[in-house]
Ligand code: NDP
Ligand code: MG
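Numbering (the numbering used here), first residue to last: 5 to 395.
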């Protein structure tokens, strides 16, 4: 029996993972499931899968979780530290699908205990890529990509030599406002930004797809995960979201990964790696699809891509600033404090401000230093939000 844990089990990635595990429940020994506000789903899945422990991030929801788990035999716990402790329980495979920088510490903990970490939480790589990869190496643990583009790149690289790789191209749908007139973006509502043309995902990543901050994060994720130079990474707008990424080799060949926009493919690939198993995803009918389109991203519409390049060039702990500023700008937009185009301005202001703080960005990459920079960046980003509030 394979021991598996799912961090962020109640979210969009988490629920797709639960679905795959539940289909073959007798081959898995479920260790820990974690969630935050969705206590009902957490308790129902932990009971159904016979988990050892269910943990909510919200300390004040412990009694609710206990009540929901009554009679199930599943242990209940609550709080950030309890999530990290649950991630440390011996498991063979752990899904890292908490949203935001909160996913970093539990993911690190799973790696320290040698679990294969299926990494959906791209924020960990953006904030602390070197630290995460070094921890995996030190403990003989493997990280497998779950982000669809990175799973695609990983698959295209199987059996290939990295020295033959010239470039990596990741695709972006362009999100909700791909074809809007630029001047109209200032009036984009939260509801409009929260609907994705192709993928059904959590609200935060859906809005990040409209700003292209999701793609910007993925460019940094590509650099960290595959150790390529920033100028080897390209982004292309591909409205159909059927090609997830392409790898270009030194003989001119481009290996493209094509598949339906269903995260169960990338999750299932990471779950069964190095084998392939039958997965319950749609089989594409290329004749019915007919055409695939590509166009260059317009950097005036999506300044996030330029900001990602500046972040990579600055190096050090700049990724943690970028991520925290982006998360805070998104909080500000969701709270109705700023308009859609303000999000990129807030990130840019925060990057400019913290790059001037002596020694901050160059500090050693430890969990504590990353947390410190994250905190300062959130404070600076809120100031940048307040400056624009009501405009
Ligand atoms: P969701 O918002 O749908 O789910 C997030 C999960 O994290 C939920 O289980 C949520 O609990 C939990 N959570 C929220 N806040 C905290 C916290 N402070 N501490 C601990 N747990 C918390 O997100 P997604 O599933 O969309 O995304 C998860 C990760 O995967 C992100 O990093 C995202 O970028 C990445 N990703 C997602 C893709 C997708 O298709 N959705 C594609 C590629 C990558 P609860 O719901 O109970 O409140
Ligand atoms: Mg992706």
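For each residue, glycine too, the CB sits at the ideal point set by N, CA and C.
- In chain order, the residues with a C-beta atom nearer than 6 Å to some heavy atom of the ligand MG are 151, 152, 153 and 222.
- Under DSSP, residue 217 forms no beta bridge with any residue.
- Annotation for residue 258: the continuous beta strand (DSSP E) segment containing it runs 258-262.
- For the ligand NDP, a non-hydrogen atom lies closer than 7 Å to the CB of residue 208.
- Within the same chain, Cβ atoms closer than 7 Å to the Cβ of residue 47 are found at 58, 69, 72 and 73, the five residues on either side in sequence being excluded.
- The closest heavy atom of the ligand NDP lies 7 Å or more from the beta carbon of residue 354.
- Annotation: the region 82-123 contains the following complete segments of the alpha helix (DSSP H) (minimum length 4 residues), in chain order: 84-91 and 108-116.
- With a cutoff of 7 Å, residue 155 does not count as near the ligand NDP, since its C-beta is closer than that to no heavy atom of the ligand.
- Under the DSSP definition of a beta bridge, residue 173 partners with 238 and 250.
- In this structure the region 104-119 touches the region 131-139; the number of beta carbon pairs closer than 8 Å is three or more.
- Counting C-beta pairs closer than 8 Å gives three or more between the region 169-177 and the region 244-255, which meets the contact rule.
- Within the same chain, 149 come within 6 Å of residue 158 by CB-CB distance, once the 5 residues on both sides are set aside.
- In the three-state scheme derived from DSSP, where H, G and I count as helix and E and B as strand, residue 335 is classed as helix.
- Around the beta carbon of residue 298, fewer than 16 other beta carbons lie within 10 angstroms, which makes this residue exposed.
- In this structure, residue 196 places its C-beta atom within 8 Å of the C-beta atom of residue 180.
- Measuring C-alpha to C-alpha distances from residue 89 to each of 76, 77, 107 and 75 identifies 107 as the nearest.
- The Cβ atoms of residue 285 and residue 268 sit closer than 8 Å to each other.
- Going by DSSP, residue 36 is part of the beta strand (DSSP E) stretching over 32-39.
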